[in-house]
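Peer 1: Residue numbers (the working numbering): 884 to 1022. Before I ask anything, let me first share the structure, which is written out below as structure tokens.
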Amino acid sequence: KGVKLSKGDLENTSPVKLLLDKKKDLKLSDDQVNKLKELEGKVKGANEPSFKALDSLKRLAQPPLHSGDPKDDERDRMMNARRGLTAVVGTIRGNYESSATDAMAILDETQRKTATDLLTKQKEEADDMVREKLGGGRG
884 KGVKLSKGDL ENTSPVKLLL DKKKDLKLSD DQVNKLKELE GKVKGANEPS FKALDSLKRL
944 AQPPLHSGDP KDDERDRMMN ARRGLTAVVG TIRGNYESSA TDAMAILDET QRKTATDLLT
1004 KQKEEADDMV REKLGGGRG
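Right, here's the structure in full:
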């Protein structure tokens, strides 16, 4: 079975995107929204090469089209691609983690409490989604 993780799935795990989506709940000022949008742009730029790699690796991780078990070289290709996918997803999520820290600095004390709750919930859901869509299942 193939990898079901998409660029959109990962983009939806962006902490900055979540904070922007929840700007009314967080009562963000226009200045804060602008700073978060600027941060979001930087993160997208940083992740762009990883998203390109994600697409290539997803294709390589797909099982062969012929029926029956994959041959040894096909199995090796799929395993290597899956390892690569795990690394690329780690890079993207690492960039998101850094952006969350930067985003928190933009918020005031009262906003941080709500934001922390939102981001903690998002991270737990993202961990489960990534594990499931990379085909790992639960440990």
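Ideal placement from N, C-alpha and C gives every residue a C-beta, glycine not left out.
From Gly891, Asp892 and Leu901, pick the residue whose C-alpha is nearest to that of Ser982; which is it?
Peer 2: Among Gly891, Asp892 and Leu901, the Cα nearest to that of Ser982 belongs to Leu901.
Peer 1: Would you identify the three-state DSSP class for Pro947, choosing helix, strand or coil?
Peer 2: The answer is coil: DSSP assigns Pro947 none of H, G, I, E or B.
Peer 1: How close, in whole Å, do the beta carbons of Gln915 and Ile989 come, if the pair is a contact with beta carbons under 8 Å?
Peer 2: Indeed they touch by this definition, with Cβ atoms about 5 Å apart.
Peer 1: Classify Ser897 as helix, strand or coil using the three-state DSSP reduction.
Peer 2: Looking at Ser897 - three-state DSSP - the assignment turns out to be coil, as it is neither helix nor strand.
Peer 1: Under 8 Å, do Met1012 and Asp892 count as touching if we go by C-beta distance?
Peer 2: Yes, these two residues count as a Cβ contact at 8 Å.
Peer 1: Given a cut-off of 8 Å, decide if Leu1002 and Val886 are closer than it, judged by their beta-carbon atoms.
Peer 2: It is not a contact, given that the beta carbons lie outside the stated cut-off.
Peer 1: For the ligand GTP, is there a heavy atom less than 7 Å away from the beta-carbon of Asp913?
Peer 2: Within the structure as shown, the ligand GTP is missing, as the structure has no ligands at all.
Peer 1: Would DSSP call Pro953 helix, strand or coil?
Peer 2: In the structure shown, Pro953 sits in coil (DSSP, three-state: anything other than H, G, I, E or B).
Peer 1: So, under 8 Å CB-CB, Val926 and Asn963 are touching, yes? Tell me the CB distance rounded to an integer number of Å.
Peer 2: Not confirmed; about 28 Å, so no contact.
Peer 1: Under 8 Å by Cβ, that's how I've got Val971 and Ala936 pegged, so tell me the actual separation to the nearest angstrom.
Peer 2: Contact flag correct, Cβ pair sits at about 5 Å.
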